[in-house]
Amino acid sequence: RHGIGLPETVFISSKSDAKAAIASVGGAPVIIKLLEGTQGIGVMLAETKEQAMAILETLLGTGQQVLVQRFVAESRGRDVRALVVGGRVLAAVRRQAHEGEFRSNIHRGGNAETIQITPEYARTALHAAQILGLQVAGVDMLEGANGPLVVEVNSSPSIEGMSKVTGLDLATPIAQLIEQNAHLSQVDMVQRLTLQAGYGVTEIEVSAKSRLAKTGLAQSG
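In the numbering used here, the protein residues as written are 27 to 247.
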């Protein structure tokens, strides 16, 4: 959707949908995610259909809402985290899960290294942040067989681990962006409409002295 690669993912809130959800993402192994969670907490790997059903029945039985997602085996336990700030990728790292773990989060013992992000991955990260209207975002992408697959977009990304790995001051650019935009409250409608199917955007420059100034389309004739 919107030209962004995503692993097959299904949202479910009822036990009756569990079997169909597992099948719709290609069957086990599958990733099961709670809707709320950080640093890899609430993300589980079910290697068999039976494991997946047991986990889903337990979670759904407590009123949880969950995502069932295809396990992207070709990523081999690693992903790319891109930090987007003000419409540009400020830093990028590749994270590798430690042995016996599928989650690559640094807080879960994953290793990370600075990378020069490729144009394809940079475009994907920027587009994902733009779609959600985020000026600051941590975009997590798996290295799929056919290109980047976005698995998560964090609106309040942790920068401590990335700062240590890259040696960059990531806090200052974010603080500067906040300061620059502190007085702004308007929504960028051009950005939002451009991303909506069926809408086009045309900007027409009108002189302040024109009779059309400050009038709507209905009043302009």
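The C-beta atom is built at its ideal place from N, Cα and C for all residues, glycine as well.
If you're wondering where the values come from, they're calculated on a predicted model, not measured in any experiment.
Under DSSP, Gly164 takes part in a beta bridge, and its partners are Leu109, Asn180.
Judged by DSSP secondary structure, Glu139 falls within the beta strand (DSSP E) whose first and last residues are 137-140. Val92 carries a strand assignment under DSSP once its states are collapsed to helix, strand and coil. Runs of the alpha helix (DSSP H) lying entirely within the segment 43-79, each at least 4 residues long, are 44-50 in chain order. Here DSSP, grouped into helix, strand and coil, assigns Gly159 to coil. In the structure shown, the three-state DSSP call for Thr144 is coil. Ranked by how close their Cα comes to the Cα of Gln77, the residues Ala54, Lys59, Leu60 have Ala54 in first place. For Ile204, the three-state secondary structure derived from DSSP is helix. Residue pairing of Pro174 in beta bridges, as defined by DSSP: Glu169. Cβ atoms of Pro145 and Gly31 stay farther apart than 8 angstroms, at about 15 angstroms. In terms of CA proximity to Glu186, Leu196 leads the group Val177, Leu196, Ser42, Val179. The three-state secondary structure of Leu32, taken from DSSP, is coil.
A buried status is given to Lys59, since no fewer than 16 other beta-carbon atoms sit within 10 Å of its beta-carbon.
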